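Inspection log for the structure reproduced underneath, given as structure tokens.
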């Protein structure tokens, strides 16, 4: 059951002429609710605002969105989705001179999962992730590539798929960012030209740097992965997923991954407690 | 005023959890109504069905969509929009095993514009169009690139902007396909890796071939454009727009463009009558 709020009022529908539907002209965030609080809310709102700036959509402001969140009521554990669109408009790609942003919030309460994190099985996807510097980094509503990549498998034993761009760089999972442990530090794909800059990815980088663990953002090839000591995936809801196997390549947990997970657990990502 | 039909009933809203809104997980067509009939309806429905096949969305069938169109009632002149989405679903990119497609149709009646076609002014856009063979050719709801490109100018004297991919190929206009007149025949960008395969583009190619005018689909560079004798743009609503000027380069009408416009006018694209 998800409780929805549209422009500050309980509601479960949007007008058919909303540009979010027509063109994917908008952005979203998916936020973990843990111990009654939206985790890393400031970071999510910051990315949302940056996305609005990039697309030229007026940002409603943190106060407005935080008031919406309060209206949704108390929740101990669950998932909060925030979706902003450029609102309704006449036919045609040209954005209206004055956009009336549509704010959609959905709160889904769930049981806390107390099972310890298990390493996941991962595959490579054939669906490419497109290179486009205009959309790189932000979490827009144009997510068909991820949908098609995720539709490539239905084996419930495989938890995630990795996507490459047409240059052969490994960019991201369908819903995660990826990190490699290599040479005593971390490598992660540079997202200047494609991919979504995850809030959990940022948090991993920050925690690593605070603890003198080097992080290099660069183009990552399949060869980089073959040569890596370890690999893990991140997103806001899962925290960290250590990778057990990727299309036949197996990984054993490195001390660095375990140390980072403990540091993240200390920073509020309780799923990472081992 | 647009009359809307959602899943066969008058309606102006869709559920907030529709995947068309969440991920742009769907397709659309924009169809000219001329002399009381949706022009080239078969071709539009064929492209829609091909798009559904590519995305793995169940196509509702021509009969169902034609019944929807009849329900919208009589219209002499206007624009019909058909939008299909993968319907509602739980959070997450994985498509539901059984999708219940959402059908949205909008009919906007308008006055017939009897002004003869005038040549248009065009510019180059900075927003790139992404290379992605998984989405190339189809008219999906992921159209943020076009929105951002169209937002680059607000001079009403400029009617269209051309978009390039990151390889430097000129691919399309924000809402049009493009043709060059060169060496006595036509050149048009190959759309195997990006761009939308327009219904009017297909019609131009067919009419040209039926009249022994050569058409080459290939990678088009800015140099190809600089060396072209003439240039025109196409889409379903405008028919053909001859280009007067592109960022300082002027074009004068070639006999081939005029001949093609007459052939298109004979084939039902009455806007092309000169």
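Chains as they are written, first to last, in this note's numbering: chain A, 1 to 274; chain B, 1001 to 1274. Just so you know, even glycine gets a beta-carbon here, dropped at the ideal spot from N, CA and C. Every value quoted in this text rests on a predicted model; they were computed, and no experiment measured them.
Check                                                                                                                                                                       : Outcome
Could you check whether the Cβ of residue 1123 of chain B sits closer than 8 Å to any Cβ belonging to chain A?                                                              : no
Figure out for me which residue from A:238, A:56, A:261, A:74 has the closest Cα to the Cα of residue 32 of chain A.                                                        : A:238
Would you list, in sequence order, the uninterrupted alpha helix (DSSP H) runs of no fewer than 4 residues that lie entirely inside the segment 101–152 of chain A?         : 144–150
DSSP state of residue 162 of chain A, grouped into three classes?                                                                                                           : strand
Just reading off the beta strand (DSSP E) that residue 216 of chain A is part of, what are its end residues?                                                                : 215–218
Give the DSSP-derived three-state secondary structure of residue 235 of chain A in the structure shown.                                                                     : strand
Name, going along the chain, the residues of the segment 1153–1175 of chain B whose beta-carbon falls closer than 7 Å to a beta-carbon of chain A.                          : 1166, 1174, 1175
Are the CB atoms of residue 1014 of chain B and residue 1060 of chain B nearer to each other than 8 Å?                                                                      : no
Short of 9 Å Cβ to Cβ, which residues in the segment 1095–1107 of chain B face chain A?                                                                                     : 1095, 1097, 1104, 1106
Out of B:1174, B:1241, B:1255, B:1005, which has the shortest C-alpha to C-alpha gap to residue 1213 of chain B?                                                            : B:1255
Please confirm whether residue 195 of chain A and residue 1142 of chain B have their CB atoms less than 8 Å apart.                                                          : no
By alpha-carbon positions, which one of A:87, A:71, A:69 ends up nearest to residue 52 of chain A?                                                                          : A:87
Taking Cβ positions only, does residue 1128 of chain B come closer than 8 Å to chain E?                                                                                     : Absent from the structure is chain E; the protein chains it does hold are A and B.
When Cβ atoms are compared, which residues of the segment 47–67 of chain A fall closer than 8 Å to chain B?                                                                 : 55, 56
Mark residue 156 of chain A as exposed unless 16 or more other C-beta atoms lie within 10 angstroms of its C-beta, in which case mark it buried.                            : exposed
Chain A partners of residue 1015 of chain B, CB-CB under 7 Å?                                                                                                               : 12, 13
Measuring only the C-alpha atoms, how far is residue 4 of chain A from residue 28 of chain A?                                                                               : 14 Å
Within 10 angstroms of its Cβ, does residue 56 of chain A collect 16 or more other Cβ (buried), or is it exposed?                                                           : exposed
Measure from the C-beta of residue 1113 of chain B to each C-beta in chain A and report whether the shortest distance is under 8 Å.                                         : no
Are any of the Cβ atoms in chain B nearer than 8 Å to that of residue 6 of chain A?                                                                                         : yes
Identify each residue in the segment 1129–1148 of chain B for which the Cβ-Cβ distance to at least one residue of chain A is less than 9 Å, and report them in chain order. : 1129, 1130, 1131, 1132, 1133, 1134, 1135, 1140, 1141, 1142, 1143, 1144, 1145, 1146, 1147, 1148
Compare the C-beta of residue 997 of chain B with all C-beta atoms of chain A and state if any pair is closer than 8 Å.                                                     : Here chain B comprises residues numbered 1001 to 1274, so residue 997 of chain B is not present and cannot be evaluated.
Measuring alpha carbon to alpha carbon, tell me which of B:1020, B:1006, B:1224 ends up nearest residue 147 of chain A.                                                     : B:1020
8 Å is my cut-off, CB to CB: does residue 1032 of chain B come that close to chain A?                                                                                       : no
Which class does residue 1018 of chain B belong to by DSSP, given the choice of helix, strand or coil?                                                                      : strand
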